[in-house]
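S.K.:
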Ligand code: PGA
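In the working numbering, the protein residues as written are -18 to 237.
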């Protein structure tokens, strides 16, 4: 059984003071919900603050990015060695990293390997652009990204990866994908993982949907047994995040 996972990607929002205030608002609600992995991914400067705020709770911490080297002359970067012990998760290859900062599948792959080496669980994002979907290239784009970003991992560690399918046109758009369209891609990702690793790995890897997830549409995605959670952007900055986690528990049969 795959444990559902809802991760809140705060992106470039909430410095330490605001992060502390926001966590104080959502933590009581998050505490009441079980059987759903709840992950907060604040910006790097707020990681230690949120780490202290959630200490002793079941809520997990994730970073939004990292470099693959453990240390050295890489101005502005954060290493897996620095995140180890602080975070359990790290988002890698988000479409904003790929689009604005030129991250390639090869770079993401190095980061994924480094994350596993340092016992961090990577949340690896893949997704097609609108023109690629309209040109009928979705399958090819996702295949290239999954093979390029997730290839060659140690067989005994591959199942620790979480994959977030985030169609780029749905991110921050206020309009999510149709659940059925997301399901088609989620199934493709699982079949690719089976080809690349084996059926056990493919069945163990958790695959999230991401892109304009709200409390109003989350159940539609999570009523699909193959969709294991969501990567939530805008709605993770609001108390609504708790409602999304609660709706996940309900959709996955862990009604409160
Ligand atoms: P969104 O962002 O929920 O604001 O669309 C999702 C993401 O980029 O992970």
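Even for Gly, the Cβ is constructed at its ideal location relative to N, Cα and C.
(1) Residue 143: which of 167, 38, 162 sits nearest, CA to CA?
(2) Do the CB positions of residue 8 and residue 35 come within less than 8 Å of each other?
(3) Does the ligand PGA have a heavy atom nearer than 7 Å to the CB of residue 193?
(4) Any idea what DSSP makes of residue 65, helix, strand or coil?
(5) Relative to the C-alpha of residue 149, which candidate in 170, 193, -14 has its C-alpha closest?
(6) In angstroms with no decimal places, state the Cα-to-Cα distance between residue 224 and residue 202.
(7) Can you tell me whether DSSP reads residue 1 as helix, strand or coil?
(8) Given residue 236, which residues of its chain have a CB within under 8 Å of its CB, disregarding the five upstream and five downstream residues?
(9) What's the gap between the Cα of residue 16 and the Cα of residue 207?
(10) Can you check whether the CB of residue 73 is closer than 8 Å to the CB of residue 89?
(11) Three or more beta-carbon pairs under 8 Å between the stretch 119 to 137 and the stretch 150 to 157, yes or no?
(12) Alpha carbon to alpha carbon, what distance is there between residue 215 and residue -7?
(13) Should residue 100 be labelled buried (16 or more other beta-carbon atoms within 10 Å of its own) or exposed?
(14) May I ask which residues mark the beginning and end of the alpha helix (DSSP H) holding residue 221?
(15) For residue 152, is the beta carbon positioned less than 7 Å from some heavy atom of the ligand PGA?
(16) Between residue 31 and the rest of its own chain, which residues show a CB-CB distance below 7 Å, the 5 nearest in sequence each way excluded?
M.R.: Let me spell this out:
(1) Walking along the chain shown from the start, residue 143 turns up at place 162. Looking at the Cα atoms, 167 is the closest of the given residues.
(2) One-based indexing of the chain shown puts residue 8 at position 27. One-based indexing of the chain shown puts residue 35 at position 54. Yes, these two residues count as a Cβ contact at 8 Å.
(3) Taking the first residue of the chain shown as position 1, residue 193 is located at position 212. Flag set: Cβ of residue 193 near the ligand PGA.
(4) Position 84 of the chain shown holds residue 65. Here residue 65 sits in strand by DSSP.
(5) Against the chain shown, residue 149 aligns to sequence position 168. That would be 193, whose Cα lies nearest to the Cα of residue 149.
(6) Position 243 of the chain shown, counting from 1, holds the residue named residue 224. Position 221 of the chain shown, counting from 1, holds the residue named residue 202. In a straight line, the C-alpha of residue 224 is about 15 Å away from that of residue 202.
(7) The sequence position of residue 1 within the chain shown is 20, counting from 1. Reduced to three states, the DSSP call for residue 1 is helix.
(8) Counting from 1 along the chain shown, the entry for residue 236 is found at position 255. At residue 236 the pLDDT is 46, less than 50, meaning the model places this residue with poor confidence; the figure from the coordinates comes in the next sentence. Closer than 8 Å at Cβ, skipping near neighbours: 230.
(9) Reading the chain shown from its first residue, position 35 is the one you call residue 16. Reading the chain shown from its first residue, position 226 is the one you call residue 207. Taking the straight line joining both Cα atoms gives about 17 Å.
(10) The sequence position of residue 89 within the chain shown is 108, counting from 1. The sequence position of residue 73 within the chain shown is 92, counting from 1. Against a cut-off of 8 Å, the Cβ pair of residue 73 and residue 89 comes out as a contact.
(11) no
(12) Numbered from 1 along the chain shown, position 12 holds the residue referred to as residue -7. Numbered from 1 along the chain shown, position 234 holds the residue referred to as residue 215. Approximately 11 Å, taken between the alpha carbons.
(13) Within the chain shown, the letter at position 119 stands for residue 100. It is exposed - the Cβ of residue 100 has fewer than 16 other Cβ atoms within 10 Å.
(14) If you number the chain shown from 1, residue 221 lands on position 240. Segment 221 to 232, the alpha helix (DSSP H) holding residue 221.
(15) In the chain shown, the residue the question calls residue 152 occupies position 171. True, at least one ligand heavy atom lies under 7 Å from that Cβ.
(16) Working through the chain shown from its first residue, we reach residue 31 at position 50. Hits under 7 Å: 0, 4, 21, 23, 42.
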